[in-house]
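Per the working numbering, the very first residue in the sequence shown carries number 543; after that it's consecutive. Each residue gets a CB set at the ideal place from its N, CA and C atoms; glycine is no exception. Keep in mind it's a predicted model, so treat the numbers as computed, not measured.
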Amino acid sequence: MEKPFWKTKTLEAMSPAEWESLCDGCGKCCLSKLEDEDTGEIYWTSVGCRLFNADTCRCSDYANRLARVPDCVGLTPRNVRTITWLPKTCAYRLVAEGQDLYWWHRLVSGNAETVHEAGISIRGRVSASETELAEPDDYFEHMLDDEP
543 MEKPFWKTKT
553 LEAMSPAEWE
563 SLCDGCGKCC
573 LSKLEDEDTG
583 EIYWTSVGCR
593 LFNADTCRCS
603 DYANRLARVP
613 DCVGLTPRNV
623 RTITWLPKTC
633 AYRLVAEGQD
643 LYWWHRLVSG
653 NAETVHEAGI
663 SIRGRVSASE
673 TELAEPDDYF
683 EHMLDDEP
């Protein structure tokens, strides 16, 4: 049996479809994060991006997200190796580090719902949308103790 593409290809060698299929649909990238300016430490919040659909854990305008949301980060083979806030379970991060995907990833399980069933996604855990917060300080009441 042939090995899956994520075990045989570098991120750079993947086709656009293979690259996109690595996203596990957890939604963690779409949560607002706060960075301590002095230490660089990242603090997770339960605040979703204005385009994030908390029910589906997907962007409501993925094709135009980078133009519509100025601080949206488009993942690339190069930057996934340097973005410190990528979740520990992120497939892009795992593959870049030479690790395998978890059993609940849709490419392994064959089912896009297993990320939710395993409790990895943020479905049901978004407390606010960034459009509901008027001031930067409003994010503090949505801070999480750790990565969700």
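Straight-line CA distance for residue 663 to residue 570?
C-alpha separation (whole angstroms): 7 Å.
Just reading off the alpha helix (DSSP H) that residue 570 is part of, what are its end residues?
It is not in any alpha helix (DSSP H) - residue 570 carries neither H nor E in the DSSP assignment.
Note down the Cα distance separating residue 548 from residue 558, rounded to an integer number of angstroms.
When rounded, the distance between both Cα atoms is 13 Å.
Shorter than 8 Å, the distance from the beta carbon of residue 563 to the closest heavy atom of the ligand FAD, or not?
By its list of ligands, the structure shown contains no ligand whatsoever, and the ligand FAD lies outside what it can speak to.
Entirely within the segment 608–689 and at least 4 residues each: give me those alpha helix (DSSP H) ranges in chain order.
Runs of the alpha helix (DSSP H) spanning 4 or more residues and lying entirely within the segment 608–689 occur at 633–638, 648–651, 656–659, in chain order.
With distances taken between CB atoms, is the gap from residue 645 to residue 584 smaller than 9 Å?
Their beta carbons are not under 9 Å apart, which means residue 645 does not touch residue 584 by this criterion.
Would you mind working out which of 554, 623, 653, 574 sits nearest residue 679, comparing C-alpha positions?
The residue from 554, 623, 653, 574 with its alpha-carbon nearest to that of residue 679 is 574.
Around the C-beta of residue 594, are 16 or more other C-beta atoms found within 10 angstroms, so that it is buried, or is it exposed?
Taking a 10 Å sphere around the C-beta of residue 594, we find 16 or more other C-beta atoms and assign the residue as buried.
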